[in-house]
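Residue numbers for the sequence shown follow the numbering used here, beginning at 477 and rising by one. Have a look at the structure below, then the notes.
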Amino acid sequence: MAENTDYDWVLEPLGGGATIDSGTLRTGDVVGDLEVSYTVTGTGTATYVVHSHPCFSAGAAAVASAEGELLWYQRSGEPGFLEGTSYTEDDTFLMLYRNTILEFDWMGDTLMELSLGTDYDAGVHHDIMRANGYTYVLHSDPVIHMGVAYTLDGVYVFDSDGVQVQDWRLYDHFQPPGPDPTVGMDYSHGNAVWVDAEGNMLVSFRHMSTVVKVDGDPLSPNFGDVLWVLEGDP
477 MAENTDYDWV LEPLGGGATI DSGTLRTGDV VGDLEVSYTV TGTGTATYVV
527 HSHPCFSAGA AAVASAEGEL LWYQRSGEPG FLEGTSYTED DTFLMLYRNT
577 ILEFDWMGDT LMELSLGTDY DAGVHHDIMR ANGYTYVLHS DPVIHMGVAY
627 TLDGVYVFDS DGVQVQDWRL YDHFQPPGPD PTVGMDYSHG NAVWVDAEGN
677 MLVSFRHMST VVKVDGDPLS PNFGDVLWVL EGDP
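What follows is the structure in structure tokens.
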């Protein structure tokens, strides 16, 4: 619904019959720090624009139509940093908030809530998406390699019930040759995960200037195999 707009409503029995009641609902103002506007030029193929709003009093996400009209927003509920959000194949919204995975519908109802220490062991961050019925989330792993403490990343995979079914860890495929003076011990710093129709994961590591393609099908006997590596220079 648009802000400051009148909407007529009618209440009728599901099985048909006389109108029970009717009236007009006027919407209020959009919360101030979620007043987003878009100038759209040209013609695209996207249905929605999903906008993460991480740094105000409470992390939030907003959704606009392809024409730039604000359609939906959802606050995380308390002060904190919103790491990422995405629109799903199930017509819902995923949010990463303070190491918590949340899923909402268009009415703002919470459909799923997974938490650190209960549903997974490493902090989740930066990106989340759903593909082929599974939810993929970047996570951060503290590791000790040759007596040195590093942070490397990985990807959790959850099924439709929110149960973790797979865990891909970069450390199983790559070990740092030594501390990197440009990034410290946060060696890989994953920023994005994307999964295609075949279940292959593309994972981007900012601090390594690298993208890897991985067999990400949780049911595949080759889950986790690295299919190719695209390295930047440097």
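Don't be surprised by glycine CBs; every beta carbon is placed ideally from N, CA and C. Treat the numbers as computed from the prediction; the structure is a model and nothing was measured.
*Mind checking whether Tyr647 and Val613 have CB atoms under 7 Å apart?*
What you label residue 647 is simply residue 171 of the sequence shown in a count that begins at 1. What you label residue 613 is simply residue 137 of the sequence shown in a count that begins at 1. No, they are not a contact pair.
*asked:* Can you give me the C-alpha to C-alpha distance between Asn698 and Gly584, rounded to a whole angstrom?
replied: As a position in the sequence shown, residue 698 is number 222, starting the count at 1. As a position in the sequence shown, residue 584 is number 108, starting the count at 1. When rounded, the distance between both Cα atoms is 38 Å.
*Could you say if the stretch 565 to 578 and the stretch 599 to 618 meet the contact criterion of at least three C-beta pairs nearer than 8 Å?*
yes
_Threshold first: 3 residues or longer. Then list the beta strand (DSSP E) segments lying entirely within the stretch 580 to 644, N to C._
586 to 591, 600 to 607, 610 to 621 and 624 to 634
*Measure the alpha-carbon distance for Glu559 versus Val525 and round it to whole angstroms.*
Stepping through the sequence shown from its first residue, residue 559 is reached at position 83. Stepping through the sequence shown from its first residue, residue 525 is reached at position 49. If I take the Cα positions, the gap works out to 17 Å.
*Output yes or no for whether 7 Å exceeds the beta carbon distance between Ala542 and Tyr549.*
If you number the sequence shown from 1, residue 542 lands on position 66. If you number the sequence shown from 1, residue 549 lands on position 73. Result no, Cβ atoms of Ala542 and Tyr549 do not sit closer than 7 Å.
*Quick one: Cα of Arg682 to Cα of Glu511, how far?*
As a working mapping, residue 682 is identified with position 206 in the sequence shown. As a working mapping, residue 511 is identified with position 35 in the sequence shown. So the two alpha carbons sit approximately 30 Å from each other.
_Among Tyr483, Tyr663, Ala668 and Glu674, nearest to Met684 - alpha-carbon criterion_ = In the sequence shown, the residue the question calls residue 684 occupies position 208. Met684 has its Cα closest to that of Tyr663, out of Tyr483, Tyr663, Ala668 and Glu674.
*When we look at the beta-carbon of Tyr632 and count the other beta-carbons within 10 Å, is it buried (16 or more) or exposed?*
For this step, residue 632 is matched to residue 156 along the sequence shown. Its Cβ being crowded by 16 or more others within 10 Å, Tyr632 is buried.
*Does any CB atom of chain D fall closer than 7 Å to the CB of Leu703?*
Protein chains in the displayed structure number just one, and chain D is not present.
*Would DSSP call His527 helix, strand or coil?*
Against the sequence shown, residue 527 aligns to sequence position 51. Three-state DSSP puts His527 in a strand.
*What first and last residue would you give for the beta strand (DSSP E) that runs through Thr686?*
Taking the sequence shown and counting its residues from 1, one reaches residue 686 at position 210. Where Thr686 is concerned, the enclosing beta strand (DSSP E) stretches over Thr686 to Asp691.
*Give the single residue among Phe580, Asp595 and Thr500 whose Cα lies nearest to the Cα of Met588.*
The residue given as residue 588 occupies position 112 in the sequence shown. Residue Phe580 is the option with its Cα nearest to Met588.
*So what does Thr576 bridge to, in DSSP terms?*
What you label residue 576 is simply residue 100 of the sequence shown in a count that begins at 1. Answer is Tyr573 and Ser591, bridged to Thr576.
*Cβ-based burial, Thr515 [other Cβ within 10 Å; buried from 16]*: Here residue 515 corresponds to residue number 39 of the sequence shown, with the count starting at 1. Thr515 should be labelled exposed.
_Can you tell me whether Met677 is buried or exposed? The criterion is at least 16 other CB atoms within 10 Å of its CB, across all chains shown._
On the sequence shown, residue 677 is found 201 positions in, with the first residue counted as 1. Buried: at least 16 other Cβ atoms inside 10 Å.
_Neighbour-count burial assignment, Ser680, 16 or more Cβ in a 10 Å radius_ = Your numbering for residue 680 matches position 204 in the sequence shown. Flag for Ser680 reads buried.
*By how many angstroms is the C-alpha of Tyr596 removed from the C-alpha of Asp567?*
In the sequence shown, residue 567 corresponds to position 91, counting from 1. In the sequence shown, residue 596 corresponds to position 120, counting from 1. When rounded, the distance between both Cα atoms is 25 Å.
*If we count the other Cβ atoms within 10 Å of its Cβ and call it buried at 16 or more, is Ile577 buried or exposed?*
On the sequence shown, position 101 is the one that residue 577 refers to. With 16 or more Cβ atoms within 10 Å of its Cβ, Ile577 is classed as buried.
*List the DSSP bridge partners of Leu558.*
Taking the first residue of the sequence shown as 1, we reach residue 558 at position 82. Note: Leu558 sits in a beta bridge opposite Tyr573.
*Smallest Cα separation from Thr503: which of Ala540, Asp693, Trp485 and Thr517?*
Looking up residue 503 in the sequence shown gives position 27. Selected option, being the one with the closest Cα: Trp485.
*Quick one: Cα of Pro652 to Cα of Leu547, how far?*
Reading the sequence shown from its first residue, position 176 is the one you call residue 652. Reading the sequence shown from its first residue, position 71 is the one you call residue 547. One C-alpha to the other measures close to 45 Å.
*Buried or exposed: where does Ile604 fall if 16 or more other Cβ atoms within 10 Å of its Cβ makes it buried?*
Walking along the sequence shown from the start, residue 604 turns up at place 128. Buried, because 16 or more other Cβ atoms sit within 10 Å of the Cβ of Ile604.
*For the candidate residues Trp670, Arg606, Gly654 and Phe634, whose alpha-carbon lies nearest to that of Tyr622?*
As a working mapping, residue 622 is identified with position 146 in the sequence shown. Residue identity check: residue 622 is Met in the sequence provided, not Tyr. Closest by alpha carbon: Gly654.
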